[in-house]
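The sequence shown runs contiguously to residue 322 in my numbering.
All residues carry an ideal CB built from backbone N, CA and C; glycine is no exception.
As the structure is a prediction and not an experimental result, all values here were calculated from the model.
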Amino acid sequence: MTEEEAETEDAPAEADEADADETEGVQDGDFVKLAYTARTVENDQLVDTTDAEVAEEEGIDQEGEEFAPRTIVLGEGHIFDSVEDDVRGKEVGDTGTVVVPAAEAFGEYDEDDVRTISAEKIPEDNRHPGAQVQIDGEDGFVNTIIGGRARVDFNHPLAGDDVEYDYEIVDVVTDEVEKASGLFEMFFDIAPEMWIDTDEVEEETMVEPDEDADEDAEPEFETETVEKRSLYVESVPQLQMNQQWMFGKQQVAQQIMSHVDVDRVVVQEIIDGGGMGGMMGGMGGMMGGMGGGEGADAEAVEEALEEADVDADEIAAELDDE
Numbered sequence: 001m002t003e004e005e006a007e008t009e010d011a012p013a014e015a016d017e018a019d020a021d022e023t024e025g026v027q028d029g030d031f032v033k034l035a036y037t038a039r040t041v042e043n044d045q046l047v048d049t050t051d052a053e054v055a056e057e058e059g060i061d062q063e064g065e066e067f068a069p070r071t072i073v074l075g076e077g078h079i080f081d082s083v084e085d086d087v088r089g090k091e092v093g094d095t096g097t098v099v100v101p102a103a104e105a106f107g108e109y110d111e112d113d114v115r116t117i118s119a120e121k122i123p124e125d126n127r128h129p130g131a132q133v134q135i136d137g138e139d140g141f142v143n144t145i146i147g148g149r150a151r152v153d154f155n156h157p158l159a160g161d162d163v164e165y166d167y168e169i170v171d172v173v174t175d176e177v178e179k180a181s182g183l184f185e186m187f188f189d190i191a192p193e194m195w196i197d198t199d200e201v202e203e204e205t206m207v208e209p210d211e212d213a214d215e216d217a218e219p220e221f222e223t224e225t226v227e228k229r230s231l232y233v234e235s236v237p238q239l240q241m242n243q244q245w246m247f248g249k250q251q252v253a254q255q256i257m258s259h260v261d262v263d264r265v266v267v268q269e270i271i272d273g274g275g276m277g278g279m280m281g282g283m284g285g286m287m288g289g290m291g292g293g294e295g296a297d298a299e300a301v302e303e304a305l306e307e308a309d310v311d312a313d314e315i316a317a318e319l320d321d322e
């Protein structure tokens with residue numbers, strides 16, 4: 001074998017090694033747990049962080065909010081594109097710093113988005129510089145109010161600022177429940193209890209008609225039992241009152257099903273027997289006795305009315321007079 005032939009034979013193997021090198025590290029579709037802190041380049045203003053110490057130093061109210069690494073799906077736009085590009089191909093434990101240009105971060109500052117409006121459109125309590133307002137569905141900040149006119153800036157508060165993004169790849173998530181939990185936390189800042197079960201579910205499927213069947217005949221359906229992998233989510237008050245969840249639950253569930261190996265998402269609301277539940281249960285029993293008109297409960301109600309000296313005819317007469 002000549003030297004030239006040997007080099008030709010080795011070429012495919014080298015190409016395969018090069019391809020393998022290119023796909024090493026985290027890739028699109030991976031669930032990546034990131035720790036990060038983002039600040040504006042010019043003023044060093046904190047934009048976002050997963051670090052509790054940084055939040056405390058900045059005086060951020062941490063009540064009800066957990067500062068911990070976030071799980072994102074690489075390639076899905078859950079972080080800035082330039083940060084995704086930098087993360088792609090790296091390994092757990094790697095760090096990086098990326099400057100995200102203003103246009104990609106929160107947009108360039110647009111002078112045309114500072115507009116003069118009637119001060120009457122602004123609630124009286126917000127008629128002062130710096131107040132956050134919503135006018136015709138747009139969020140903005142009051143710049144000045146002179147007479148009956150107001151100048152409102154509808155740019156994002158961080159428009160025009162480049163953002164420096166420091167990050168560390170903490171882990172790659174492979175557990176299905178942890179993946180779903182990470183997505184919930186990313187969208188809603190809530191991590192409710194959840195688990196996966198395989199259920200038998202009855203489904204109606206259309207029966208394929210015979211070749212010589214009447215085309216105008218009504219389609220026929222049959223019920224069959226199929227197995228479904230279900231992600232069960234225990235609903236909590238924070239989730240029930242979350243507007244993003246109320247208006248976007250279908251889209252979020254679809255995104256979870258596209259990334260996690262489940263066929264459906266089942267949200268369960270649990271009401272225990274304590275507190276108001278117990279009281280309502282007692283009231284329900286009393287009302288049931290009154291409705292039935294029989295038994296000890298009905299007798300007890302009648303006795304109570306007699307003791308109260310309630311005259312039904314007198315009450316009816318008073319109502320007629322009114």
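Q. Grouping DSSP H, G and I as helix and E and B as strand, with all else coil, what is F184?
A. helix
**Q.** Close beta carbons around V83, own chain, < 6 Å, minus the five adjacent residues each side
**A.** V98 and Y165
Q.
Under DSSP, the alpha helix (DSSP H) around A55 begins and ends at which residues?
A. A52 to E57
Q: Determine the burial state of A385: buried for a count of at least 16 other Cβ atoms within 10 Å of its Cβ, exposed for fewer.
A: This structure cannot settle anything about residue 385, because the visible part of the chain is limited to 1 through 322.
Q: Could you say which of F154, T71 and L46 lies nearest to S181 if we only look at CA atoms?
A: T71
Q: With F247 as the anchor, note down where its alpha helix (DSSP H) starts and where it stops.
A: Q243 to H259
Q: Using alpha carbons as the reference points, say which of D199, K249 and Q132 lies closest to F188.
A: K249
Q) With a Cβ-Cβ cutoff of 8 Å, do L239 and I190 count as a contact? A) yes
Q: Could you tell me if G148 is buried or exposed, where buried requires 16 or more neighbouring beta carbons within 10 angstroms of its beta carbon?
A: exposed
Q. Going by the beta-carbon positions, is the gap between I196 and V170 smaller than 8 Å?
A. no
(Q) Which same chain residues end up closer than 8 Å to F141 when comparing Cβ atoms and leaving out the 5 residues on each side of it in sequence? (A) G130, A131, Q132, V133, V152, D153 and P157
Q. Under a three-way DSSP split, which group does Q134 fall into?
A. strand
**Q.** CA-to-CA distance, D81 to S258, given in whole angstroms
**A.** 21 Å
Q | Separation of E208 from M280, as counted between CA atoms | A | Since pLDDT at M280 reaches only 43, below the 50 mark, its modelled position is unreliable, and the value read off the structure follows with that caveat. Cα-Cα distance, rounded: 51 Å.
Q: Give me whichever residues DSSP pairs with K228 in a beta bridge.
A: D199
**Q.** Alpha carbon of M283 to alpha carbon of E269, nearest angstrom
**A.** Annotation note: pLDDT 40 at M283 (below 50); position unreliable, coordinate value reported separately. In a straight line, the C-alpha of M283 is about 22 Å away from that of E269.
(Q) Considering just the uninterrupted stretch of the beta strand (DSSP E) at Q268, what are its terminal residues? (A) R264 to E269
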